[in-house]
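Scroll down for the structure; my scribbles are underneath it.
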Amino acid sequence: EMLELKNTVNTMVAQLSSFADQVTRMARDVGTEGRLGGQARVDGVSGTWKELTDSVNFMAGNLTSQVRQIAQVTTAVARGDLSQKIDVDARGEILELKNTINTMVD
């Protein structure tokens, strides 16, 4: 039983370490380096660890889509093209930014 417990704890520690490494990498890529589009990869996880990884990836995917579309539309505006609008799903401050830019091109 002790060997099984040891193996279980070691597996959990390895998964936590891998998850922490991936989230730290993504936070650095987006927050410090300004690189969007990354996804966390944590192999062999299930349950809560998989849900956490999936949530981080969903958040990163949403942020990437929102920022890239805002960049596309504002670049078009800078070139004099007022025909484009931002149409990504957004909430909160990103929604306010989306609405402000869309109002600007109306």
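Residues 1 to 106 (the working numbering) make up the sequence shown, in order. Using N, Cα and C, we set each Cβ at its ideal position, and we do this for glycine too. Here the structure is a predicted model, which is why all the values come from computation and not from measurement.
Rounded separation between residue i and residue j - CA only
| i | j | result |
| --- | --- | --- |
| residue 68 | residue 47 | 31 Å |
| residue 51 | residue 88 | 24 Å |
| residue 72 | residue 44 | 37 Å |
| residue 78 | residue 64 | 21 Å |
| residue 105 | residue 70 | 12 Å |
| residue 5 | residue 36 | 39 Å |
| residue 12 | residue 2 | 15 Å |
| residue 27 | residue 20 | 10 Å |
| residue 9 | residue 31 | 32 Å |
Check whether residue i and residue j have beta carbons under 8 Å apart
| i | j | result |
| --- | --- | --- |
| residue 41 | residue 15 | no |
| residue 101 | residue 74 | yes |
Proximal residues to residue i (C-beta, below 7 Å), its chain only, five neighbours per side dropped
| i | result |
| --- | --- |
| residue 90 | 66, 98 |
| residue 39 | 57, 60 |
Neighbourhood of residue i by C-beta, 6 Å cutoff - its chain only, sequence neighbours within 5 removed
| i | result |
| --- | --- |
| residue 18 | 42 |
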